[in-house]
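Trainee: Quick one: structure below, then a few questions.
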Amino acid sequence: MTNESQISDVHARRVWDSRGRPTVEAEVSLRSGALGRAIVPAGASKGRREALELRDGGERHGGLDVGRAVANVNGEIRRAVLGMAADDQEELDEHLIALDGSPNRDRLGANALLAVSMAAAHAAASIHGVPLYQYLGGVGATLLPMPQIQIFGGGAHAGRRVDIQDFMVVCPGAASFAQALEWTAEVYRHAGRLMADRGSQFGVADEGGWWPAFDTNEDALAALVAAIERAGLVPGEQVAIALDIAASEFGRNGRYTLGLEQRQFDSDGLIELLLRWCDKFPIVSIEDPLAEDDGEGFARFTAAIGDRVQVVGDDFLVSSAALVRESAVAGAANTVLLKPNQRGTLTETLRCWEAARELGFGGIVSARSGESEDTTIVHLAIGWQVGQLKVGAFARGERMAKWNEALRIEERLGARARFAGAGVFGRNIA
Ligand code: 2PG
Ligand code: MG
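Every letter in the sequence shown is one number past the one before it in numbering that gives the first Met the number 0, and letter 84, counting from 1, is 83.
Structural data, given as structure tokens:
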């Protein structure tokens, strides 16, 4: 350890996220004078088994203030990490985990811990004189992720106007990350015009996708295909559909209610509906098709859909290495969504990805619905060579900051940049 990389100060403050809610920003300063800064995001449709996000409760800001988390960073956490090496991420994170001492980070808060964990990584990259993705992944970190980009919002991010949460596109036919963004920009623009033509363009949902003014969930899927076509792109070949059903939001104990259509299903009924959608629409990825308590449904869906569609666990796996291992044994899901704030440190998130990769699972680094200008997740996706990145829509500054950061990295890598391409979704696609 060089003295230069020793942590000389840690400071947190309350800042505000893209929903205007309080969140934690931390700065880690090193002896060298280097500074790392990070802001933690926040979810709205959260998994029950996520690490705890510490909020103050009470009346202030709807109970969502983060005074306690900020105080934890500026007090106990700061004292514990002063003098530690910022460039030994694993040791630092283990220290944070031990300091918290709870199974679920509920003493100090995953938001307090993650802010410091991420800020330390930024400081370490800075002292090594390289961008964060390169600090994390070395010179081999050249894989640009396939972007999953929301066109229509829904679920908990749109007042439950439709049941399905994310209607997204991916670009299996694109040759580069930049081209995938160009195509998606066109789809997004045409989707907005299509809604305007129908007199149902009412602005955007939490993550920037168009407001889902549809009569049925299936109408939204049809509109998505129409928008791809209007953009002059070939559905299923150039541009395909990815969904986040976020089924925990409308189902539990094997009972599911699609409120929009006033239809009730058991697990098999919902599976049947999703399989029908996969036959009818060019869908290549489905996240949380069943609720987080429905592991058996997950396994039945994964078996039924086979290699045709990527089955993603978000609320179901909560970025947990242990849950990924369990679900691999059960044959439930084949891809894990990676959200650092579901765990509370970068090291635990990376361990989940390592376990997933070893078991043949795919991975998607993901933003939360409450975000900020922080672009750390882009560097994680590239540095860890995950291959896919989900950030919300092609609108709103907190989303565009991330897409634009990936563009900068692609340009910087030049001829060394590789694009993840269609292969990420499974063997039979594109
Ligand atoms: C999800 C995310 C992002 P939230 O469910 O995947 O779309 O939503 O951050 O609200 O959990
Ligand atoms: Mg999700």
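No residue lacks a Cβ here, since even glycine has one placed at the ideal position from N, Cα and C.
Can you tell me where the beta strand (DSSP E) with Lys389 in it begins and where it stops?
Mentor: Gln387 to Ala392
Trainee: Which residues in the same chain as Leu193 place their Cβ atom closer than 7 Å to its Cβ, once the five residues preceding and following it in sequence are excluded?
Mentor: Closer than 7 Å at Cβ, skipping near neighbours: Ala222, Ala225, Ala226 and Arg229.
Trainee: Does the count of Cβ pairs from the segment 377-397 and the segment 328-345 closer than 8 Å reach three?
Mentor: yes
Trainee: Using only the heavy atoms of the ligand 2PG, determine whether one of them is closer than 7 Å to the beta carbon of Ala246.
Mentor: no
Trainee: One question on the structure: do Asn340 and Leu113 come within less than 8 Å of each other, judged by their Cβ atoms?
Mentor: yes
Trainee: With a cut-off of 8 Å on the beta carbons, I'd call Arg342 and Ser326 a contact; round off their distance for me.
Mentor: At roughly 16 Å, the Cβ-Cβ gap does not stay under 8 Å, so Arg342 and Ser326 are not in contact.
Trainee: By Cβ distance, which residues of its chain are closer than 8 Å to Gln5, with the 5 residues on each side in sequence left out?
Mentor: Leu29, Arg30, Gly82, Met83, Ala84 and Ala85
Trainee: For Val161, is the classification buried or exposed, using 16 other Cβ atoms within 10 angstroms of its Cβ as the cut-off for buried?
Mentor: buried
Trainee: Pull up the distance between the alpha-carbon of Asp87 and that of Ala120, whole angstroms please.
Mentor: 9 Å
Trainee: At what residues does the alpha helix (DSSP H) containing Arg356 begin and finish?
Mentor: Leu345 to Glu357
Trainee: My parser needs the beta strand (DSSP E) runs of 3 or more residues fully inside the segment 159-234; what are they?
Mentor: 165-169, all fully within the segment 159-234.
Trainee: With the cut-off set at 8 Å, would you say Val168 and Ile282 are in Cβ contact?
Mentor: no
Trainee: Determine the direct distance from the alpha carbon of Glu271 to that of Ala118, and round the result to whole angstroms.
Mentor: 45 Å
Trainee: Please work out which residues of its chain come closer than 7 Å, Cβ to Cβ, to Ala68, disregarding the five sequence neighbours upstream and downstream, and give them in chain order.
Mentor: Val23, Leu53, Gly108, Asn110 and Ala111
Trainee: Return yes when at least one heavy atom of the ligand MG lies under 7 Å from the C-beta of Ser44, else no.
Mentor: yes
Trainee: Hey, would you say the C-beta of Leu388 is under 7 Å away from at least one heavy atom of the ligand MG?
Mentor: no
Trainee: Tell me, please, which residues DSSP counts as bridged to Ile6.
Mentor: Leu29
Trainee: Within the same chain, show all residues whose beta-carbon is closer than 7 Å to that of Arg251, passing over the 5 residues directly before and after it, in chain order.
Mentor: Ala290 and Asp292
Trainee: May I ask you to check if the CB of Asp205 is nearer than 7 Å to at least one heavy atom of the ligand MG?
Mentor: no
Trainee: Assign Gln88 to one of three DSSP states: helix, strand, or coil.
Mentor: helix
Trainee: To the nearest angstrom, how far is the alpha carbon of Ile428 from that of Ile126?
Mentor: Summary for Ile428: the model assigns pLDDT 43, below 50, so the residue's position carries little reliability, and this model does not support an answer.
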